[in-house]
Amino acid sequence: MRTIAVVGASLAGLRSAEALRAQGFDGRLVVVGDEPHEPYDRPPLSKDFLLGTADRGSLALSDPDGLAALAAEWRLGVRAERLDTSTREVHLSDGTTVVADGVVIATGGAPKTLPGTYALRTLDDAVELRAALTGGAERLVVIGAGFIGAEVASTARKLGLDVTVVEVLPIPLGRILGPEIGAVCGELHLDHGVELRCGVGVEEISTAGVVLTDGEVLPADVVVAGIGARPQTDWLAGSGVAVGNGVLCDQGGVTSVPGVVAVGDVARWSGQRHEHWTSAAEQTAVAVRNLLAGTTVDTHDKPGYFWSDQYGVRIQFVGETHLYDEVRYVDGSPRDRKFAAVYLREDVVVGVVSMNDPRHFTRLRRQLGTAALSTPN
2 MRTIAVVGAS LAGLRSAEAL RAQGFDGRLV VVGDEPHEPY DRPPLSKDFL LGTADRGSLA
62 LSDPDGLAAL AAEWRLGVRA ERLDTSTREV HLSDGTTVVA DGVVIATGGA PKTLPGTYAL
122 RTLDDAVELR AALTGGAERL VVIGAGFIGA EVASTARKLG LDVTVVEVLP IPLGRILGPE
182 IGAVCGELHL DHGVELRCGV GVEEISTAGV VLTDGEVLPA DVVVAGIGAR PQTDWLAGSG
242 VAVGNGVLCD QGGVTSVPGV VAVGDVARWS GQRHEHWTSA AEQTAVAVRN LLAGTTVDTH
302 DKPGYFWSDQ YGVRIQFVGE THLYDEVRYV DGSPRDRKFA AVYLREDVVV GVVSMNDPRH
362 FTRLRRQLGT AALSTPN
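Going by my numbering, the residue at position 179 of the sequence shown is 180; the numbering climbs one at a time, nothing skipped.
Here it is, written out as structure tokens:
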């Protein structure tokens, strides 16, 4: 391959470019990003950056020397609008095209939005939201009790706002962490003076506030929607690249079109789409190896891992929780907001979760897929 285009200039895109050079690709490398910013870290946006304790410079994923060493052409502030796989052309929003032998799709996700609300996905979103929260606002309503919503609520409490979190599901994070641990996460909100409305949706957002489906009206100066993201695959229409809740790939990131791989939040590897920082970083070396080989010679099968910082508590999780039949506490107690627990399926460890217990989490993480008898007491 003489030219490779990496479409997406966030974490997955940058790590793909780095992996290409590390694995010996010395041809033309073009990185396309729809934001005008050089690659930056997104997790701090809802925490330290929103709080004002971190600046833009601290978010950088690479320093100038590291970016220069990639010898890449950076096409920032333009988006990919179409991929023509017959001519191997990526058509960009500024009217130009990039002809590439290989393509890495790393376009990530776009936040689902509601009229009258703020979203938080990009650096510009965070700048706008921080101005709103620190510009005299007193009452914040967060729609969605997922990780982004919970972290925004936590930060807003530190800023002194009154916060209400609305969640359509009966328990926060129940779909991801299960009802037992999800309930503990819900109690964490209550511990810090946050009002929690679960099992109710939003009817509309009006001048009076956030109108819930049960008729309650929540007054709000600022409303944030943390209701998930959709994979950015629209630009692939007609390309022949198979999509379905993400770009469909095998376990090595290889798509239905030769010479095209996908990584990060946009990629659905063997039916799974992991929207986590670590997955985006770890998939890239495998996908790039397969791209350069022209076939699947390597696979990535590590379980999904994520962390979240809320109200001074670090929550860590690894594994899969669907179809588990028991949660067993191995260390500490949820009452103290410090514990480690395993998810079991037929007495086999399929997931690990902790709150403020990194030592036990690390030990238990090594036991995924093994019998529960080997867990410490």
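For each residue, glycine too, the CB sits at the ideal point set by N, CA and C.
These numbers come from a predicted model, not from an experiment.
- In the structure shown, K339 falls within a strand segment according to DSSP collapsed to helix, strand and coil.
- Straight through space, the alpha carbons of G96 and L178 are spaced by roughly 45 angstroms.
- The beta-carbon distance between G305 and V353, rounded to whole angstroms, is 12 angstroms. This is too long to meet the 8 angstroms contact definition.
- Taking 8 angstroms as the cut-off, the beta carbon of A288 is found closer than this to the beta carbon of G254.
- Taking each of V262, L219 and D337 in turn and checking the Cα distance to T300, the smallest one comes out for V262.
- The closest CA to that of T4, considering only T256, A18 and S11, is found on A18.
- Runs of the beta strand (DSSP E) lying entirely within the region 10-59, each at least 3 residues long, are 29-34 in chain order.
- Going by DSSP, V331 is part of the beta strand (DSSP E) stretching over E327 to S334.
- Close CB contacts of V164 within its chain, under the 6 angstroms cut and outside five residues either way in sequence, are with L141, A154, A157, R158 and V195 (chain order).
- Within the model, the alpha-carbon separation for T123 versus R43 is close to 7 angstroms.
- Comparing alpha-carbon positions, the option among V128, A282, G110 and K339 lying closest to R315 turns out to be K339.
- At the C-beta level, L77 and L30 stay beyond 8 angstroms of one another.
- Listed in chain order, the non-local C-beta contacts of V167 below 6 angstroms within the same chain comprise I144 and R198, local neighbours out to five positions each way being set aside.
- Comparing C-alpha distances from A281 to each of A209, L52, T98 and V264 shows the shortest one belongs to V264.
- With contacts defined as CB atoms closer than 8 angstroms, A120 and Q233 fail to qualify as a contacting pair.
- Cβ neighbours of D35 within its own chain (closer than 6 angstroms, five residues either side excluded): R80.
- Contact between W278 and L12 holds: their C-beta atoms lie close to 7 angstroms from each other, under 8 angstroms.
- Under the DSSP definition of a beta bridge, C250 partners with W270.
- DSSP lists E168 as the bridge partner or partners of C199.
- CA-CA distance, G210 to P37, rounds to 34 angstroms.
- Cβ-Cβ distances below 7 angstroms link V328 to G179, E181, I182, A342 and Y344 in the same chain, with the five nearest sequence neighbours on each side left out; the list follows chain order.
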